[in-house]
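To start, the structure under review is shown below, and the notes come after it.
2 protein chains.
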Amino acid sequence: MAAAAGAASAAAAPATSQDPMNALRAAALRRSAPHWCAAAAAAASFFSPPFRPRRCRFRRAPAPVAAARTPRSRASAKARAKLLAEAEPRDPWLASLSLLPTDDGAAAAAAAAAAPTGWAIGVDPDTGGAIAVLSPDGSSQVFDNPFVHIVVSEVIRKRLDTKSIIQLLRGLKAPPGTTAYIEKSSPFPTDGKLGWWSTGFSYGLWIASLVSSGFSVVPVASQTWKAYFGLSRSESPKDDSRQAASILFPDKVLSLKLKKHHGRAEALLLAAYGKGLMLPSGKFSKTPT
Amino acid sequence: MAAAAGAASAAAAPATSQDPMNALRAAALRRSAPHWCAAAAAAASFFSPPFRPRRCRFRRAPAPVAAARTPRSRASAKARAKLLAEAEPRDPWLASLSLLPTDDGAAAAAAAAAAPTGWAIGVDPDTGGAIAVLSPDGSSQVFDNPFVHIVVSEVIRKRLDTKSIIQLLRGLKAPPGTTAYIEKSSPFPTDGKLGWWSTGFSYGLWIASLVSSGFSVVPVASQTWKAYFGLSRSESPKDDSRQAASILFPDKVLSLKLKKHHGRAEALLLAAYGKGLMLPSGKFSKTPT
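Residue numbers (my numbering), protein chains in the order written: chain Z, 106 to 394; chain H, 106 to 394.
Take a look at the structure:
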């Protein structure tokens with residue numbers, strides 16, 4: 106816990122931890138790019154890599170860089186609101202992932218000014234996934250995704266439990282306006298149609314649950330947060346995720362002990378990426394194979 | 106409007122219009138059937154026909170029959186609560202589609218007794234779909250599904266607008282506890298993987314939006330409500346849906362004029378099926394081809 110708080114204070118700007126992503130999504134949309142490319146950014150924020158237009162080289166800067174570029178506190182909130190107000194008309198999809206007012210600049214500014222800082226939510230939306238919540242005091246919580254078993258063609262399958270997810274979200278201390286960083290839906294091209302259907306179902310269900318609970322959703326591609334933590338091209342990505350999460354959140358080591366806990370690790374890392382936390386240099390080393 | 110009210114009063118029991126489905130889902134689950142078959146009913150209520158286990162001959166009686174079997178008013182509410190309380194442990198999936206308490210019989214009874222009657226919501230979840238709301242006074246409303254355009258691989262696609270859907274649901278007069286009859290997700294086996302992903306996404310997004318807005322979701326297979334209205338094996342199902350909806354809701358004729366309005370017709374018919382409305386005999390004839 107203390108160590109987690111240490112990690113938090115080690116991060117560039119815990120006080121403005123949610124600004125980077127919003128600044129980023131606004132900045133990304135303000136870039137001079139062909140219309141379809143800007144729109145592709147929106148598509149990229151919606152779709153998994155397989156769908157991303159190849160000809161559009163849209164890169165997102167890592168969070169800390171943005172944090173460095175982002176003004177602080179009240180001013181930053183106003184700035185973010187301005188960026189959002191500018192961005193929304195160009196990106197109706199991202200605008201549709203938050204209940205924050207966007208039609209009126211003043212209202213948006215007010216909402217953004219009132220928006221909480223220091224909180225971050227991370228979601229791995231699959232049935233084997235989890236949701237993590239980071240508090241301004243550096244403490245963290247992680248919950249496995251609630252699911253139910255159903256039988257399809259005599260095969261038992263897991264499906265997300267809508268009621269439990271909504272009750273879980275309503276029970277969180279994170280105030281309305283908190284940004285929820287959800288891993289972009291990325292079904293494997295090798296998956297079957299039912300796999301693609303299920304991935305889409307879980308993604309849509311989580312997005313609607315989060316937005317209706319008052320949180321602002323920001324989709325993050327898995328390779329984005331993995332690159333941020335230096336987990337790219339890992340031989341055993343799931344083990345590395347658990348190792349990295351254990352370093353960032355020492356009080357969660359027991360919750361990350363087993364291989365099946367990689368969903369918890371990914372939810373924690375998504376939230377940590379959004380909050381701008383960084384791995385202490387030298388502590389992490391990829392799992393040897 | 107007056108005619109619509111007439112149609113409503115023509116229905117077996119507008120006052121208990123929501124009982125049939127709840128009684129049905131409870132009754133269906135109380136049937137003596139092999140475990141996997143009962144579970145398959147849950148699966149069937151979740152999945153589209155292609156996924157329904159062939160060996161499980163699970164039939165749902167048409168709503169009016171159930172209405173005739175269902176006790177009225179306060180007694181019926183208690184009965185329904187009892188059925189629900191009995192049913193839920195056997196069908197966690199259906200239980201997960203409502204915020205109504207199910208863990209405590211008394212609480213469930215209270216909730217069911219407080220549950221509104223005479224209201225029904227129908228949802229065709231696809232981007233080209235719509236949502237219909239039927240009131241106790243026989244009046245009806247229908248709204249096209251809000252969507253945004255995004256660009257994927259340089260192709261413009263429609264995606265549901267989460268924010269607008271939630272705001273739309275919050276603006277409805279239908280009280281919490283109203284049952285929302287959503288068409289079961291049924292991607293065509295001939296659809297591509299992206300089509301299956303999108304269908305699952307829309308289905309999950311609508312389910313979470315409805316449940317979080319306090320409505321109880323009941324999935325209905327398209328062939329179930331079509332058989333109920335005698336629209337099965339139609340040569341031009343979409344035109345027949347618009348014709349049938351125009352007969353049930355004369356004040357909506359202008360809103361159902363064009364071929365592209367079939368989504369509105371299906372939403373209205375789903376709600377009408379849930380409410381137990383019936384087509385006046387002799388008025389409807391399938392479109393000749």
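Using N, Cα and C, we set each Cβ at its ideal position, and we do this for glycine too.
Report task. Measure from the C-beta of SER201 (chain H) to each C-beta in chain Z and report whether the shortest distance is under 7 angstroms. Result -> In the second sequence, residue 201 (chain H) corresponds to position 96, counting from 1. Closer than 7 angstroms to some Cβ of chain Z, the Cβ of SER201 (chain H) qualifies, so yes.
Query raised in the report: Are VAL253 (chain Z) and SER321 (chain H) touching if we call contact CB-CB under 7 angstroms?
Result: In the first sequence, counting from the first residue as 1, residue 253 (chain Z) sits at position 148. In the second sequence, counting from the first residue as 1, residue 321 (chain H) sits at position 216. The answer is no: Cβ separation not under 7 angstroms.
Requested in this report: Mark VAL247 (chain H) as exposed unless 16 or more other C-beta atoms lie within 10 angstroms of its C-beta, in which case mark it buried.
Outcome: For the purposes of this step, residue 247 (chain H) is identified with residue 142 of the second sequence, where counting begins at 1. Classification for VAL247 (chain H): buried.
Query raised in the report: Does GLY305 (chain Z) have its Cβ less than 7 angstroms from a Cβ in chain H?
Result: Taking the first sequence and counting its residues from 1, one reaches residue 305 (chain Z) at position 200. Yes, contact with chain H.
Query - Rounded distance between the beta-carbons of GLY309 (chain H) and GLY309 (chain Z), thought under 8 angstroms - result: To locate residue 309 (chain Z), count along the first sequence from 1; it is residue 204. To locate residue 309 (chain H), count along the second sequence from 1; it is residue 204. 3 angstroms between Cβ atoms; contact.
Query raised in the report: Which residues in the same chain have their Cβ closer than 8 angstroms to the Cβ of GLY412 (chain Z), if we skip the five residues on either side of it in sequence?
Result: With chain Z covering 106 to 394 only, the question about residue 412 (chain Z) has no answer from this structure.
Query raised in the report: Between H:GLY223, H:SER337 and H:GLY335, which lies nearest to ALA285 (chain H) when the distance is taken from Cα to Cα?
Result: Residue 285 (chain H) sits at position 180 when you count from the first residue of the second sequence. Comparing Cα positions, the closest option is H:GLY223.
**Report entry** Three-state secondary structure (DSSP) of PRO342 (chain H)
**Finding:** Locating residue 342 (chain H) in the second sequence gives position 237, counting from the first residue. DSSP places PRO342 (chain H) in helix when its eight states are reduced to three.
Query raised in the report: Just checking my contact of VAL316 (chain Z) with LYS268 (chain H) at CB under 8 angstroms: how many whole Å lie between their CB atoms?
Result: In the first sequence, counting from the first residue as 1, residue 316 (chain Z) sits at position 211. In the second sequence, counting from the first residue as 1, residue 268 (chain H) sits at position 163. The Cβ separation is near 6 angstroms, so the contact holds.
Query raised in the report: Within the 7 angstroms Cβ cut-off, does TRP330 (chain Z) reach chain H?
Result: Position 225 of the first sequence holds residue 330 (chain Z). It does not: the Cβ of TRP330 (chain Z) has no partner Cβ on chain H nearer than 7 angstroms.
Report task. Can you check DSSP and say which residues form a bridge with THR284 (chain Z)? Result -> On the first sequence, position 179 is the one that residue 284 (chain Z) refers to. In DSSP, THR284 (chain Z) forms a bridge with Z:SER321.
Query raised in the report: Just checking, does the stretch 327–347 of chain Z make contact with the stretch 325–343 of chain H on the three C-beta pairs under 8 angstroms criterion?
Result: no
Query raised in the report: Helix, strand or coil: which one does DSSP assign to ALA350 (chain H)?
Result: As a position in the second sequence, residue 350 (chain H) is number 245, starting the count at 1. Reduced to three states, the DSSP call for ALA350 (chain H) is helix.
Report task. Let me know if ASP266 (chain H) comes out buried or exposed under the rule of 16 or more other beta-carbons within 10 Å of its beta-carbon. Result -> Translated into positions along the second sequence, residue 266 (chain H) becomes position 161. Taking all protein chains in view, the Cβ of ASP266 (chain H) is crowded by 16 or more other Cβ atoms within 10 Å, so the residue is classified as buried.
Query raised in the report: According to DSSP, which residues form a beta bridge with LEU265 (chain H)?
Result: Walking along the second sequence from the start, residue 265 (chain H) turns up at place 160. Answer is H:PHE252.
Query raised in the report: How far does the beta strand (DSSP E) with ALA237 (chain H) in it reach, from first residue to last?
Result: In the second sequence, the residue the question calls residue 237 (chain H) occupies position 132. 235–239 is the span of the beta strand (DSSP E), which, as asked, contains ALA237 (chain H).
**Report entry** 7 angstroms Cβ cutoff met for LEU361 (chain Z) and ALA350 (chain Z)
**Finding:** Reading the first sequence from its first residue, position 256 is the one you call residue 361 (chain Z). Reading the first sequence from its first residue, position 245 is the one you call residue 350 (chain Z). Their beta carbons are under 7 angstroms apart, which means LEU361 (chain Z) touches ALA350 (chain Z) by this criterion.
**Report entry** For ALA227 (chain Z), the residue or residues it bridges with in DSSP
**Finding:** Position 122 of the first sequence, counting from 1, holds the residue named residue 227 (chain Z). With the sequence shown as reference, residue 227 (chain Z) is identified as Gly, and Ala is not the correct amino acid for it. According to DSSP, which records beta bridges pairwise, GLY227 (chain Z) is partnered with Z:ALA237 and Z:TYR286.
Query raised in the report: When the cut-off is 7 angstroms and only beta carbons count, does SER114 (chain Z) lie next to chain H?
Result: Stepping through the first sequence from its first residue, residue 114 (chain Z) is reached at position 9. Confidence at SER114 (chain Z) is low in this model, with a pLDDT of 37, below 50, so its placement is unreliable and no value can be given for it.
Query raised in the report: From PRO281 (chain Z) to ALA237 (chain H), what does the alpha carbon distance come to, in whole angstroms?
Result: The residue you call residue 281 (chain Z) lines up with position 176 of the first sequence. The residue you call residue 237 (chain H) lines up with position 132 of the second sequence. In a straight line, the C-alpha of PRO281 (chain Z) is about 29 angstroms away from that of ALA237 (chain H).
Query raised in the report: What's the call for GLU259 (chain Z), buried or exposed, on a 16-neighbour Cβ count within 10 Å?
Result: Within the first sequence, numbered from 1, the residue matching residue 259 (chain Z) stands at position 154. GLU259 (chain Z) should be labelled exposed.
Query raised in the report: When the Cα atoms are used, what is the spatial distance from PRO385 (chain Z) to THR329 (chain H)?
Result: Position 280 of the first sequence, counted from the first residue, corresponds to residue 385 (chain Z). Position 224 of the second sequence, counted from the first residue, corresponds to residue 329 (chain H). So the alpha carbons of these two residues sit roughly 59 angstroms apart.
Report task. Enumerate in chain order the residues of its own chain whose CB-to-CB distance from ILE261 (chain Z) is below 7 angstroms, with the five nearest sequence positions on each side excluded. Result -> Position 156 of the first sequence, counted from the first residue, corresponds to residue 261 (chain Z). Here the set comprises HIS254.
**Report entry** The alpha helix (DSSP H) enclosing GLY368 (chain Z), as first and last residue numbers
**Finding:** Translated into positions along the first sequence, residue 368 (chain Z) becomes position 263. Here the alpha helix (DSSP H) through GLY368 (chain Z) covers 367–380.
Query - SER53 (chain H), DSSP secondary structure in three states - result: Nothing about residue 53 (chain H) can be reported from this structure: the residues present for chain H run from 106 to 394 only.
Query - LYS388 (chain Z) - containing alpha helix (DSSP H), residue span - result: On the first sequence, position 283 is the one that residue 388 (chain Z) refers to. Neither: LYS388 (chain Z) is in no alpha helix (DSSP H) and is coded neither H nor E.
Query raised in the report: Given that a residue counts as buried once 16 or more other Cβ atoms are within 10 Å of its Cβ, and exposed if not, what is SER390 (chain H)?
Result: Against the second sequence, residue 390 (chain H) aligns to sequence position 285. Flag for SER390 (chain H) reads exposed.
Query raised in the report: Roughly how many whole angstroms lie between the Cα atoms of ALA372 (chain H) and ALA313 (chain H)?
Result: Translated into the one-based positions of the second sequence, residue 372 (chain H) becomes position 267. Translated into the one-based positions of the second sequence, residue 313 (chain H) becomes position 208. Roughly 18 angstroms separates the two Cα atoms.
Query raised in the report: Along chain Z, which residues have their Cβ under 8 angstroms away from the Cβ of PRO292 (chain H)?
Result: By one-based count along the second sequence, residue 292 (chain H) stands at place 187. Correct list: LYS298 and TRP302.
Requested in this report: Look up SER337 (chain Z) in the DSSP assignment and say whether it is helix, strand or coil.
Outcome: Working through the first sequence from its first residue, we reach residue 337 (chain Z) at position 232. Correct three-state label for SER337 (chain Z): coil.
Query raised in the report: Quick one, which of Z:LEU382, Z:SER303, Z:LYS388 and Z:GLY379 has its alpha-carbon nearest ARG264 (chain Z)'s?
Result: As a first step, residue 264 (chain Z) is located in the first sequence; it is residue number 159 there, counting from the start. Of the candidates Z:LEU382, Z:SER303, Z:LYS388 and Z:GLY379, the one whose C-alpha sits nearest the C-alpha of ARG264 (chain Z) is Z:SER303.
Requested in this report: Using the DSSP secondary-structure output, state which residues sit across from SER245 (chain H) in a beta bridge.
Outcome: One-based indexing of the second sequence puts residue 245 (chain H) at position 140. DSSP lists H:LEU239 as partners of SER245 (chain H).
Report task. Please name the residue in H:SER203, H:ILE287, H:LEU204 and H:ILE271 whose C-alpha comes closest to that of GLY379 (chain H). Result -> In the second sequence, the residue the question calls residue 379 (chain H) occupies position 274. Nearest C-alpha to GLY379 (chain H): H:ILE287.
Query raised in the report: Do LYS365 (chain Z) and TRP301 (chain H) have their C-beta atoms closer together than 7 angstroms?
Result: Taking the first residue of the first sequence as position 1, residue 365 (chain Z) is located at position 260. Taking the first residue of the second sequence as position 1, residue 301 (chain H) is located at position 196. Cβ atoms of LYS365 (chain Z) and TRP301 (chain H): not closer than 7 angstroms.
Query raised in the report: Between the C-alpha atoms of ALA377 (chain H) and GLY227 (chain H), what's the straight-line distance to the nearest angstrom?
Result: Translated into the one-based positions of the second sequence, residue 377 (chain H) becomes position 272. Translated into the one-based positions of the second sequence, residue 227 (chain H) becomes position 122. Distance between the alpha carbons of ALA377 (chain H) and GLY227 (chain H) is about 8 angstroms.
Report task. Could you round the C-beta distance between THR392 (chain Z) and ASP345 (chain Z) to whole angstroms and report it? I think they count as a contact, below 8 angstroms. Result -> As a working mapping, residue 392 (chain Z) is identified with position 287 in the first sequence. As a working mapping, residue 345 (chain Z) is identified with position 240 in the first sequence. Their Cβ separation, rounded to whole angstroms, is 6 angstroms, which keeps THR392 (chain Z) and ASP345 (chain Z) in contact under 8 angstroms.
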